[in-house]
Amino acid sequence: MYKKVLDSPLGTLTLASDGEQLTGVWLKGQKYEKQTIHQSAVVRNDLPLFLKVEEWLERYAHGEAPAIDFPLKPEGSMFRQEVWKHLLTIPYGEVETYGNIAKKMERHHGRNMSAQAVGGAVGHNPISILIPCHRVVGSNGSLTGYAGGIEMKKHLLMIEGVQLNGFYDPSPVR
Numbered sequence: 002m003y004k005k006v007l008d009s010p011l012g013t014l015t016l017a018s019d020g021e022q023l024t025g026v027w028l029k030g031q032k033y034e035k036q037t038i039h040q041s042a043v044v045r046n047d048l049p050l051f052l053k054v055e056e057w058l059e060r061y062a063h064g065e066a067p068a069i070d071f072p073l074k075p076e077g078s079m080f081r082q083e084v085w086k087h088l089l090t091i092p093y094g095e096v097e098t099y100g101n102i103a104k105k106m107e108r109h110h111g112r113n114m115s116a117q118a119v120g121g122a123v124g125h126n127p128i129s130i131l132i133p134c135h136r137v138v139g140s141n142g143s144l145t146g147y148a149g150g151i152e153m154k155k156h157l158l159m160i161e162g163v164q165l166n167g168f169y170d171p172s173p174v175r
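Shown next, in the form of structure tokens:
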């Protein structure tokens, strides 16, 4: 296992890899930060995969929609894997609700699926930004549920050109 701390245009990120596949991207201070990184991970700033990810993040931060041309391998249960796979189908610049994802999964499995269960899987996504959990919103227009914080979620959506009027920040006013 390898890791790299990267100062990017999106902030300080920690990258993790098994040497061939990307296993993690966490924003500094993110909820569940580095939850799946192994204690024995070795710092490897020159890993070719990390250089590709760094280039991808740079292009993304500057408003491009680069293709992911390297393998992703997030660690998690089969349910979480399925939710994360669905997140990869949400187009750049668009959003989808937790409830809509749950309904799609219900049709696929033929059994009830809750938006809260989907939200739990979205929140535990270990490959932030690339697996676009920031594109998931509440059915009432709430920008809730981003482990990197609501301000980062807004920032990522604005990079993608999402118009935020009609959405609201559910954080308590201070």
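Every position in the sequence shown, counted from 1, becomes a number in the working numbering once 1 is added.
Just so you know, even glycine gets a beta-carbon here, dropped at the ideal spot from N, CA and C.
Asked, Found
"Simplified DSSP state of Y176, which is helix, strand or coil", "Limits of the chain in this structure are 2 at one end and 175 at the other, which puts residue 176 out of reach."
"Beta-carbon contacts of L11 that lie in its chain and below 6 Å, excluding the five residues immediately before and after", "A62"
"Bounding residues of the beta strand (DSSP E) (the contiguous stretch that carries A17)", "12-18"
"Span of the beta strand (DSSP E) around Y3", "3-9"
"Inter-residue spacing [alpha-carbon to alpha-carbon] between L52 and G64", "19 Å"
"Chain-order list of residues whose beta-carbon lies under 8 Å from that of K29 (same chain, five-residue window excluded)", "G12, T13, L14, T15"
"Residues of its chain near L58, where Cβ-Cβ distance is below 6 Å and the 5 sequence neighbours each way are ignored", "S9"
"Contact belief for G25 with I128 at Cβ below 8 Å, rounded distance in angstroms", "6 Å"
"A190 burial status per 10 Å Cβ neighbour count (16 or more: buried)", "With the chain covering 2 to 175 only, the question about residue 190 has no answer from this structure."
"Nearest candidate by alpha-carbon position, reference L7, set Q22, Q40, S41, E56", "E56"
"As assigned by DSSP and simplified to three states, the class of G25", "strand"
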